[in-house]
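Its first residue numbered 1, the sequence shown is counted upward by one per residue in my numbering. Beta carbons are placed, not taken as given, at the ideal position from N, Cα and C, and that holds for glycine. As the structure is a computational prediction, the values presented were derived from the model and not from experiment.
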Amino acid sequence: MAHVAHQALLGYDPEAILKDGCPECERRANSGLRGILELDANNLNRLWRRMLNERMSFQVNDQHQDKWGRYRSACEQQAGEQLYLLGVLEEKRRNPSDTWDPDRFDVS
Ligand SMILES: [Zn+2]
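Next up, the structure:
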């Protein structure tokens with residue numbers, strides 16, 4: 001599958017990491033951790049931080065203009081839930097204090 005022109009999608013949000021209505025974005029959102037592995041490092045970091053805000057009641061920005069980033073699409077929510085489950089899985093075997101580090105995927 002390929003991305004369609006995101007700007008042409010209904011409800012287009014330039015800040016969305018994964019766009020609803022785009023077959024490729026939706027495929028990634030529906031592919032669990034495999035889909036998340038297809039995100040580039042910057043978008044993985046942004047999705048991680050948005051997930052922390054949504055699921056862990058953090059208040060961290062996503063390093064763009066989107067203060068205290070929230071999910072911007074249903075696709076993002078679906079992918080973010082996979083990251084959350086990964087964190088929960090890790091929390092069962094690691095020191096919980098570093099599982100939810102907002103900067104854990106920051107490569108800058
Ligand atoms: Zn797309």
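Query: So is K19 buried or exposed if we call it buried at 16+ other beta carbons inside 10 Å?; Result: buried
Query: Let's see if you can read the secondary structure: which residues bound the alpha helix (DSSP H) around W116?; Result: A question about residue 116 goes unanswered here, because the residues of the chain that appear run from 1 up to 108.
Query: Taking the CB atoms as reference points, tell me whether M51 and L89 lie closer together than 9 angstroms.; Result: no
Query: When you measure from the CB of V4 to every non-hydrogen atom of ligand 1, does any distance come out below 8 angstroms?; Result: yes
Query: Whose C-beta lies closer than 6 angstroms to the C-beta of L33 among residues of the same chain, with five residues either side of it excluded?; Result: Q82
Query: Can you look up N42 in the DSSP assignment and give me helix, strand or coil?; Result: helix
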